[in-house]
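Down below is the structure, laid out as structure tokens.
Numbering (the numbering used here), first residue to last: 1076 to 1334.
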């Protein structure tokens, strides 16, 4: 199926690894122009250097801290000027804070809420003057936004706030811009690889993650891959998804227990 993304310009944040990198790769393969950013510009350039792309697809990269409004404005404005406008934004910057409520200090709460909210607000505000009619924004969120876990108290609350904000943006930016969320479960990313290495386990990665999936009650019995997340993100950016806005799509192997 042709997703209709050829020649469309999309901003992707947090693109040096994991879901952001997989999303940038798929967009380029679909013929889209991509403006990618990450805090570590050298790592970003290395990660994207050899990505295959469809004929005519263009790529520009920049080091950018999404919590710095001026930094974001420079990056997004540069992308808008480079491509003559923007057709999509993928807000992908984020992390998880593993700590119970009693072990989470006030500064950690502030950091989590600041990251989850302003990493999106800064980018959307900067992109608004450049977004063409029919543009789409996809906020990468987590199933935690609706299904909090005790070991992720601050992150769960911050994710819920982002889900609420995304719904508001979908209303306020309509009808010219669509806004949707993709809510992740457990995905094989660098963060989980580091936790595996720090665990001191004698199990293989596959054994360890299978046990983790069992403990979390994931019906598909495994972690997802970045590529499995990138497809629904890119699909929601497609003009073929033109009647979908204000929605939140779960990509978590069935882990969600709510209806």
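All residues carry an ideal CB built from backbone N, CA and C; glycine is no exception.
Ranked by Cα distance from residue 1267, the first of 1281, 1257, 1162, 1119 is 1281. By the Cβ rule, the segment 1304-1314 does not count as touching the segment 1282-1294, because fewer than three pairs are nearer than 8 Å.
Beta bridge pairing from DSSP links residue 1299 with 1262.
For residue 1207, the enclosing beta strand (DSSP E) begins and ends at 1206-1217. DSSP places residue 1100 in the uninterrupted alpha helix (DSSP H) bounded by 1093-1104. Residue 1162 and residue 1107 have their alpha carbons spaced roughly 10 Å apart.
Straight across, the Cα-Cα distance linking residue 1155 with residue 1242 is about 25 Å.
Between residue 1325 and residue 1331, the C-beta spacing is below 8 Å.
Boundaries of the beta strand (DSSP E) around residue 1136: 1134-1138. Around residue 1137, the same chain offers 1112, 1150 as residues with beta carbons nearer than 6 Å, after the five sequence neighbours per side are excluded. Put simply, the backbone Cα of residue 1140 is about 11 Å away from that of residue 1193.
As summarised for the segment 1178-1209, the continuous alpha helix (DSSP H) elements at least 4 residues long and confined to that stretch are 1181-1202, given in chain order.
Under the three-state reduction of DSSP, residue 1311 is assigned to helix.
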